[in-house]
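Reminder that position 241 of the first sequence reads as 261 in this note's numbering, one-by-one numbering, no gaps. Report on the following structure.
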Amino acid sequence: MATEETQGKPEERGQIVPDHRYDPKPIEAKWQKKWREDKVFAAHDDSPKPKYYQLETFPYPSAAGLHMGHPKGFTAEDIHARYMRMKGSEVLYTIGWDAFGLPTENYAIKVGKSPKEVAKENIENFRRQVQFFGFSYDWDREINTSSPEYYKWTQWLFIQLFKKNLAYQREAKVNWCPNDQTVLANEQVVDGKCERCGAEVEERDMVQWFLRITDYADRLLADLKGLDWPAATVKRQEDWIGRSLGTEIDFPLDLNYRYVLLHGYLGSREKHFFPWLRNELTRRGISFICPELPGPDDPKESEQVQFVLQNIQFNENTVLYGHSLGAVVALKVLEKLDHPIAGLVLSGGFLEPKFKDHPRPFENNFNWNFNFEKIKSNVGFIRTLSDLNDTSIPVEQGRLIHEKLDGRLYETVAQVPHFHGQEEPAVLETLLPMITVFTTRPDTIFGATYLVLAPEHNAIKAMWPRITNQMEVQHYIDTALKKTERMRQEEAREKTGVEIKGVMAINPTNQEAIPLWIADYVLIGYGTGAIMAVPAHDGRDLDFARKFHLPVRPVVSPKKDMPVYEVKDAYTGKGYLINSPKFNGMDSDAAKWEIEKLVGGRGREHFKLRDWSVSRQRYWGAPIPMIHCEKCGLVPVPDDQLPVLLPDDVDYRPKGKPPLASSPSFMNVKCPNCDGPATRDAETLDTFVDSSWYYLRYADPQNPNAIFDKEKARHWLPVDLYVIGAEHTVLHLLYARFITKFLHDEGYLAFTEPFLKLRHQGLLMGTDGQKMSKSKGNVVNPDEVVGKFGADVVRLDLMFMGPFEDAHPWDEKGIAGVERFVARVARYGDRVLGVPTGTTDAAIATRAAGVPHPPAGYAADGRGLLHKTIKKVGEDIDGFKFNTAISSLMILMNDLESGPPLPRSEFAMFVKIIHPFTPHLAQELWARLGNASYLDFEPWPQYDESLITERTITLVLQVNGKVRDAVTADATLTEDAAKALALANEKVKASLAGKTPQKVIYVDKKLVNIVA
RNA sequence: GCCCGGGUGGUGGAAUGGCAGACACAAAGGACUCAAAAUCCUUCGAUCGCAAGGUCAUGCGGGUUCGACUCCCGCCCCGGGCACCA
């Protein structure tokens, strides 16, 4: 029931209430226009103020227009930007358009326009919509990734990567969307379907451009430390990079070959890697012959081949190895043999005397024609090892051997060019019959009861002649390789596999012979493509072992001296070794090192991170600035010919070939190197490339001569604050970090991490609680909402919904609260302004006499709350707690309204602290208070500590932890006085009911708890 | 399966070891009005009680503590991420 004093017309309570409602429209339009015309928010390169660079995810301007999720993040940024300006920073805050990409192209095809036209329209629409919100952008720094002025530098960046061998082409299985007719990144495939159009994704082999982000894996991981990023985001980046530290261990196969090792020209059994190699073979108990060939300084074919044939026995167990000219000798020997041998291994070999450095004297002593058919028929397996950095033998020679002889070609980088190092592990690896596995748990090696190879593993071919169940194995491999990712996923975790019969592996610790299996749960792309299976201590291995009835041997017990007899679930934790002769009882961590040492394991780190596929077979992107010349190979477009403009005379509709290929005027060019006929690369770059560097361009957005001016970049960057949707926590950030590190290494940037502080905005969902999407029809159009309520109200509503990083459904019901708040602030402003200038506080108080708020307490209380609020709002903006900041502003307003109007000087402080949230209203009130300045450059008010300090406190009195009373006491209250006060309290006494207090707990100026 | 979040009134949420539910929305009652809108006032977790007041209550079950939404252990549910990475 309302009391007599509080009822009645507001006017009767001494308040001045204008009878009009606050109409934001003309006021918001007025200030937005002024801000733009006066370039109020321009960021000045030469400002003496400390710089502050705020970045927001530049939007993808889709045909659907802005949706309410965009302004949620933008509003938070704008609040922060305006706050930082008031705190004295020179703020760089701007916007741009991530305008290339599939959705625009697809939409253009649908409506029969060009993507360029569509993008232009979309950007104009977005710009218009964004401007309604009054965000304080420096519009002179606006960028657009689809403009030639921008993508010139995207192309330039690609060329720099290419020049450093960080951009390369290779054939790769790609996710192909049959509907969009393009390649998708793994991340764009969701549940086996195209993220954009929902079509079932197929797998295809294509030659693709990749960026070698894996070269930066360790740095991308290490540099995450020290960033002010949400912990979950750091974790997800770490998981994506996925480093595991482990060891590579060789499991010899029971194929007891005998080796014949042939050295090359100027070589001998004592030179280069031969002594080391012989030692390694001896150490493994492998028999070999390594002859000194006659005339190493002046080799002659007949002499050397005859020598080998006469002195060495060859049978089906022999593996013939030849290095360099020794490879030629080996081939000639095989031509002459009349029975087959087990295998042929060549390193640094050649078929033609075409040397890169200088001619050799033996060139005329050999016959450079080979009987390849004879050679092939005389040998079981052929492996060719080629050094990519060979200084004398061109890499083409290795490929030529492979072309003529088939077999397996291994291209690698030798320790010293042409395998002239003291140790060349690649040679040994190519030679030996063994399986190298990668494991993070060498301590469990005694529990390895079988090995598993990925279906694509090379070793299968090498041991092929020995396999007794070839049909079965072949069938399994064929089916496994036919499966797409999608099919593998659908099969869930059901294990499949086949045993390789006829070959066994040897456990290097105890010489136990264990079987070899092939299974597709082992991936060729990770580690070595082979594992030692320890079913007792790995869930996947256990599943497999159970399905195929393979032995399960526990070798780690969780408790010391407690052997495990039965394995229920795989135990993957640490413990103490059992069933491991010589290691029993040892701590599993310690055993890792001991066993690694024992078996000659090589410590390795492996990453899950894969190279970044950037080729797109579509039109609407930056053309890859490369030229294919028959003579010169891949040639980058020279800088002075950039940008490579997107041609207009193409058919955009996807036909399986890149649209650019349909434009002869685009495709046919002269080679910049040799002036001969050449063709352009017809693909375009993934839009993630565009967005991997846009934050750098904002520092110097119009520079026609460089990607950016180094000094300007040094001034503004790195980004101080980046607000980004939680959905972008992995890819975009990883790519941007990679590009930043690359440009740092190239000397363009002085820092290695682009984004110092990162905050996420929670998703704004449709009214149905579902993610907003056009197909669900739940997209909220900001035009309508802003038109109805005004920008200030919508901004407040978006921020007041709850914690910024939480997801919320859009709900127009709640907006009434902030709408009322804005109207009340406006009305209160009218009250303040209704008081003639120069009126003293006392006069205001007199005028306010009779209102319930006691005039005597007004100055202290009202001001105290004002100053507390100044403090609170500042802290909350720093901490991105906008909801509680607004709440505290409401509390203050509620209090102010119930009293007489504040003096203008104090009301001005209130206007300043609401300014970041409702800049139009605040600026209007500021102007009405007689100020000509812009609030962004008014200093944030200082709060007065003495006014905040409480003179009285509320002391809570508890008995046995239950609240019995709360009393007001002087802030100077001592502990003893507080305890005495509590014990004397009537309610406390009643609650104690005569019991004697055992203990009295005192929390300073807060609480007394009596335990009885 | 594993890894992150999260679970508080009819609703959004506040409180991070010390009065649970700030601030709002919705709802109900009232004032003003011819009426409505707007505005203003009051009530508003559940339950017992005429009242004073009591009891219960932050997903469930335990624990630590004088005191737990908050810390620890186990479980349930919801959201997100990864998905055979050895």
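Backbone N, C-alpha and C define an ideal beta-carbon position, used for all residues, glycine too. Only a predicted model underlies this, so the values are computations on that prediction, with no experimental measurement involved.
- One thing to note: Val-328 has its Cβ no nearer than 7 Å to the Cβ of Val-348.
- Annotation for Ala-928: the continuous alpha helix (DSSP H) segment containing it runs 924-934.
- For Trp-229, the pairing in a beta bridge is given by DSSP as Gln-189.
- DSSP, read as helix, strand or coil, puts Ile-421 in helix.
- Distance check between Val-399 and each of Gly-284, Trp-484, Gly-116, Leu-769 places Trp-484 closest, using alpha-carbon atoms only.
- Of the residues assessed, Ser-793 falls on the exposed side of the cut-off, its CB having fewer than 16 other CB atoms within 10 angstroms.
- Separation of Ile-413 and Gln-435 (C-alpha to C-alpha, rounded to the nearest whole angstrom) is 15 Å.
- Between the alpha carbons of Ser-608 and Arg-304 lies a gap of roughly 27 Å.
- In the three-state scheme derived from DSSP, where H, G and I count as helix and E and B as strand, Leu-448 is classed as helix.
- DSSP places Phe-94 within a helical segment (H, G or I) once states are collapsed to three.
- In the DSSP assignment, Val-339 falls within the unbroken beta strand (DSSP E) covering 338-343.
- When DSSP states are grouped into helix, strand and coil, Ile-179 belongs to the helix group.
- The alpha-carbon separation between Asp-498 and Asn-478 amounts to approximately 15 Å.
- Here Lys-172 is buried, its C-beta having at least 16 other C-beta atoms within 10 Å.
- It is roughly 21 Å from the alpha-carbon of Ile-421 to the alpha-carbon of Leu-452.
- Its Cα nearest to that of Leu-993, the residue Lys-1025 stands out among Lys-1015, Lys-1007, Lys-1025.
- The beta carbon of Thr-302 sits closer than 6 Å to no other beta carbon from its chain once the five residues preceding and following it are set aside.
- Inter-residue distance for Ile-890 and Asn-914 is about 15 Å (C-alpha atoms, whole angstroms).
- With 16 or more neighbouring CB atoms inside 10 Å of its own CB, Leu-816 falls in the buried class.
- Per the coordinates, the alpha-carbon of Asp-66 lies some 27 Å from the alpha-carbon of Arg-757.
- Nearest in C-alpha terms to Glu-625, of all of Lys-396, Thr-460, Met-687, Met-106, is Thr-460.
- Under the three-state reduction of DSSP output, Trp-55 falls in the helix class.
- For Pro-475, the closest alpha carbon among the candidates Val-670, Tyr-541, Ile-47, Asp-631 is that of Tyr-541.
- Beyond the five residues adjoining it in sequence on each side, Lys-521 comes within less than 7 Å, by CB distance, of Ile-487, Thr-488, Asn-489 in the same chain, given in chain order.
- By the CB criterion at 7 Å, Cys-217 and Asp-238 fall outside the cutoff.
- Here the stretch 269-286 makes contact with the stretch 517-531; the two share three or more CB pairs at distances below 8 Å.
- Judged by DSSP secondary structure, Ala-846 falls within the alpha helix (DSSP H) whose first and last residues are 835-854.
- Under the Cβ criterion (8 Å, minimum of three pairs), the stretch 940-950 counts as touching the stretch 46-56.
- Selection Pro-70, Pro-44, Ala-96, Gly-85 evaluated against Phe-824 yields Ala-96 as nearest (Cα-Cα).
- Exposed is the label assigned to Met-491, since fewer than 16 other Cβ atoms lie within 10 Å of its Cβ.
- Annotated as distal: Val-472 and Tyr-496, with beta-carbon spacing of 7 Å or more.
- In this structure, the beta-carbon distance from Pro-316 to Ser-288 falls below 7 Å.
- The closest CA to that of Tyr-672, considering only Pro-123, Ile-261, Pro-535, is found on Pro-123.
- Counted as a single uninterrupted DSSP element, the stretch harbouring Trp-296 is not any beta strand (DSSP E) but the alpha helix (DSSP H) occupying residues 294-303.
- The DSSP assignment places 939-948, 965-968 as complete runs of the alpha helix (DSSP H) inside the stretch 934-975, in order along the chain (cut-off: 4 residues).
- Cβ atoms of Arg-278 and Phe-230 stay farther apart than 8 Å, at about 42 Å.
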